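Going by our numbering, the residue at position 73 of the sequence shown is 84; the numbering climbs one at a time, nothing skipped.
The beta carbon of each residue, even a glycine, is placed where N, CA and C say it ideally should be.
Just so it is clear, the structure is predicted and the values come from calculations on it, not from any experiment.
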Amino acid sequence: MKYLIIILLAISPTVIAQNKIHLNKIKSKKMSTNIPKISDFPTGEENTAYAQYFIGKSYLAPLTSNKELNIPLSNVTFEPGCRNNWHSHTGGQLLIVVGGEGLYQERGKPVRRLKPGDIVEIAPNVEHWHGATAESWFSHLATNGNPKSNENTWLEAVSDEEFAEANKK
C-alpha cells in the first residue's frame, strides 16, 4: 500500500500538468479573438447593438450608405456557435452566403446547411433563425425587403438543445 501511494504521488504532478496543457489548448481555441478572413467583404465591428438577440458574438459591416437607393446591405459575420434568436421581418429578408459554414431554419421545417454561394429568400413574417455551425465561422450579406417599413420581431433564443440537433444535420 505504501508503494502504491508513493507511485500515485510521483505520477500525480505529471497527470495534472498534462491535463493543464490539454485544458489550456481547449481554452485557447475557445478564447481566440482572431477573426479569420472568410470572405472578401469587411467583417466590421462587434454587433453590440443587437447582442441581446444573439448567443455568441457577431460582427456587422454596413456595405451601402446611399439611403436614396433604399437597398441597405450589410455583411454579418458569426463566430463558431453564434446564432441569432428566432425572429421574423415584416418585409422579408435575403441572405447571400459569402464565407464559412452556417445554418438556417424556419420554424417547423428542417435545418438547412449553408455554404458560400447559397441564397436564402425569407418571405415576410416567417419565423426563422440563422448563424454559424458549432465548428465554423460564418458570414452572409443581408438585406431586408421593403426596408422603409420592415420591422423585426425578436423572439426566444435558439436553445442549446435545438442548436446541437441542428448541427447533426
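Return the first residue and the last residue of the alpha helix (DSSP H) that residue i is part of.
i: N178; result: D171 to K179
By a C-beta neighbour count over all protein chains shown, 10 Å radius and 16 as the cutoff for buried, is residue i buried or exposed?
i: S99; result: buried
i: S39; result: Residue placement at S39 is poorly supported in this model, since its pLDDT is 37, which falls under 50; the coordinates are not used for a value here.
i: W165; result: exposed
i: P73; result: exposed
i: N86; result: buried
i: Q29; result: Annotation note: pLDDT 41 at Q29 (below 50); position unreliable, coordinate value reported separately. Answer is exposed; the Cβ neighbour count stays below 16.
i: V169; result: buried
i: Q8; result: Within the shown structure, residues of the chain are numbered from 12 to 180, placing residue 8 beyond reach of any answer.
In three-state DSSP terms, what is residue i?
i: L80; result: helix
i: T59; result: helix
i: G119; result: coil
Could you please give me the residues that DSSP links to residue i through a beta bridge?
i: S85; result: P73 and A153
i: R181; result: The first residue shown for the chain is 12 and the last is 180, placing residue 181 beyond what the model contains.
i: I107; result: I130 and L152
i: S99; result: T164
Quick one: any contact between the region 68 to 82 and the region 123 to 141, if contact means 3 or more CB pairs under 8 Å?
-> With a cut-off of 8 Å, the region 123 to 141 and the region 68 to 82 do not count as touching, because too few Cβ pairs lie within range.
Is the number of C-beta pairs between the region 109 to 120 and the region 141 to 151 that are closer than 8 Å three or more?
-> Contact between the region 109 to 120 and the region 141 to 151 is established, with three or more Cβ pairs separated by less than 8 Å.
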